[in-house]
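S.K.: Position one of the sequence shown corresponds to residue 51 (this note's numbering), numbered consecutively onward.
Backbone N, C-alpha and C fix where the C-beta goes; we use that ideal spot for every residue, glycine too.
The structure is given below, and queries will be raised subsequently.
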Amino acid sequence: MRHFFIMFLGFVFSVSFAQNNQGSLLLHYPFDGNALDVSSNEYHAEEFQVTYVEDRFGNPESAIYFNGVDSYINFPNLAELKPDLPLSFAFWIKYEDLNYTNTELFNTSFEDDRSSGVYFNTEISTGNLAINFGDGSPGYNPTTRRSYVTNFQAEIDSWVQVIAIVESADDMKIYVNCNNYGGNYSGSGGNLFYSNTPGSLGRRDRDLGVPANYFKGAIDSFRYWDKVLTSDEIQYYCDPRLSVDSVVSNSQIKLFPNPAIDFFEIISPVIFDQIQIYDATGKLVLNESYNKKQHINGLKSGIYIVNLISDDYVVRRKLIIK
């Protein structure tokens, strides 16, 4: 029953708040072979030494990879990407190295030797995931930041979904794979401060007088909002159902032809119950009972996400319509 309720929520809220989110969605990087922003803002990132790898569904060149040495991307250096609190972030991540020097995921205002911006990393002593913000001080210690550390410890070589919300210094949350594990606050820094520098994904400075630390691993579908996601919106971006990997090899499930024109077929040893298709803005454009051959007449050319759903698991595939 819980799975059916989750599906029901997705059906009810997908159109209504997908539109609301567009107004407060600052950027969205799907990382489908590039660092282009598919939100209406088109805040495309600048790439440095990154490559593209398989995403969590086995799609080639559909997630971005950082080598832990000199890979990163820069956001545009715009005031619009340096908003006041509250802020929310959602992304998928796969760590390749759990040493704290390789777990600096992003910083919305990267600057050497200055505690600034909102940043995501791991706590040195525990390896637990953490969301933080700096107050602009020229140093790194508890008096220059505010932090929230979840009770979830980072895992190596496993995709996890993270939703992080920073409403205030004493009101932050981190959801990992749709679960709130609780956590602890630390730090006594002042208000959020932005340097006159762009935000970065894949690096952050953490120690005075030495080079920045670089993330080692893969990231997919990075979103950034200047708002607090509601519980319904969190549910929309979450899916706690089992991965199909626990049932059948992910690589056995394909859409053909892809790109498609009038129809596509679903090649799969698994029988699903439902099929959904979302456009690039997150709007639900098709919601029908499962059919191995799916007609798509009437859908415009573009990139879509296809959800293949059963009671216990969901498979997502990217579809290109010519």
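Leaving aside the five residues before and after Ser-296 along the sequence, list all residues of the same chain whose C-beta is less than 8 Å from its C-beta, in chain order.
M.R.: Confidence at Ser-296 is low in this model, with a pLDDT of 43, below 50, so the placement of that residue should be treated as unreliable; the coordinate-derived value is given next. Closer than 8 Å at the Cβ level, and outside the excluded window around Ser-296, lie Tyr-363.
S.K.: Since I believe Thr-153 is in contact with Asn-171 (beta carbons under 8 Å), could you give me their beta-carbon distance rounded to a whole number of angstroms?
M.R.: 6 Å between Cβ atoms; contact.
S.K.: Apart from the five residues just before and just after Lys-277, which ones in its own chain have a Cβ nearer than 7 Å to its Cβ?
M.R.: Once the five neighbours on either side are set aside, the close Cβ partners of Lys-277 are Ser-74, Pro-136, Ser-138.
S.K.: Between the region 235-246 and the region 101-119, do three or more beta carbon pairs fall short of 8 Å?
M.R.: The region 235-246 is not in contact with the region 101-119.
S.K.: Give me the Cα-Cα distance between Ile-1 and Tyr-145, rounded to the nearest whole angstrom.
M.R.: Since the first residue shown for the chain is 51 and the last is 372, residue 1 is missing from the structure and cannot be characterised.
S.K.: Identify whether Ala-129 lies in helix, strand or coil by the three-state DSSP scheme.
M.R.: Ala-129 falls in the helix class under three-state DSSP.
S.K.: Please identify the residue among Pro-307, Glu-217, Tyr-287 whose C-alpha is closest to the C-alpha of Lys-333.
M.R.: Of Pro-307, Glu-217, Tyr-287, the residue nearest in Cα terms is Tyr-287.
S.K.: Roughly how many angstroms separate the alpha carbons of Leu-305 and His-78, rounded to a whole number?
M.R.: Computed Cα separation, rounded: 24 Å.
S.K.: Does Ser-281 come out as helix, strand or coil in the three-state DSSP assignment?
M.R.: Helix at Ser-281.
S.K.: For Asp-207, collect the residues of the same chain with a Cβ closer than 8 Å to its Cβ; drop the 5 residues on either side in sequence, then sort them by chain order.
M.R.: Same-chain partners within the cutoff: Lys-144, Tyr-145, Glu-146.
S.K.: Quick one: give me the first and last residue of the beta strand (DSSP E) that Ser-318 is part of.
M.R.: Premise fails: Ser-318 is in no beta strand (DSSP E) and is neither H nor E.
S.K.: Within its chain, find whatever has a CB closer than 6 Å to the CB of Leu-155; leave out the 5 residues flanking it on each side and keep chain order.
M.R.: Excluding positions up to five away in sequence, the list reads Phe-170, Phe-265.
S.K.: Could you tell me the alpha carbon to alpha carbon distance between Arg-106 and Arg-367, rounded to whole angstroms?
M.R.: Cα to Cα, the separation comes out at about 10 Å.
S.K.: Can the beta-carbon of Phe-322 be found closer than 8 Å to that of Ser-271?
M.R.: The answer is no: Cβ separation not under 8 Å.
S.K.: Please classify Ser-271: does DSSP put it in a helix, a strand, or coil?
M.R.: Strand.
S.K.: Give the C-beta separation of Lys-86 and Trp-275 to the nearest angstrom, bearing in mind that I take them to be a contact with Cβ-Cβ under 8 Å.
M.R.: Inspection of the sequence shows that residue 86 is occupied by Leu rather than by Lys. Between Trp-275 and Leu-86 the Cβ distance is about 18 Å, and since that is not below 8 Å, they are no contact.
S.K.: How is Ser-293 classed by DSSP in three states: helix, strand or coil?
M.R.: Below a pLDDT of 50, predicted positions are generally treated as unreliable, and Ser-293, at 45, falls in that range; no measurement from the model is reported.
S.K.: For Glu-92, which option in Thr-101, Gln-99, Pro-80, Val-100 has the closest C-alpha, if you only look at C-alpha atoms?
M.R.: Checked all of Thr-101, Gln-99, Pro-80, Val-100; the closest Cα to Glu-92 is Pro-80.
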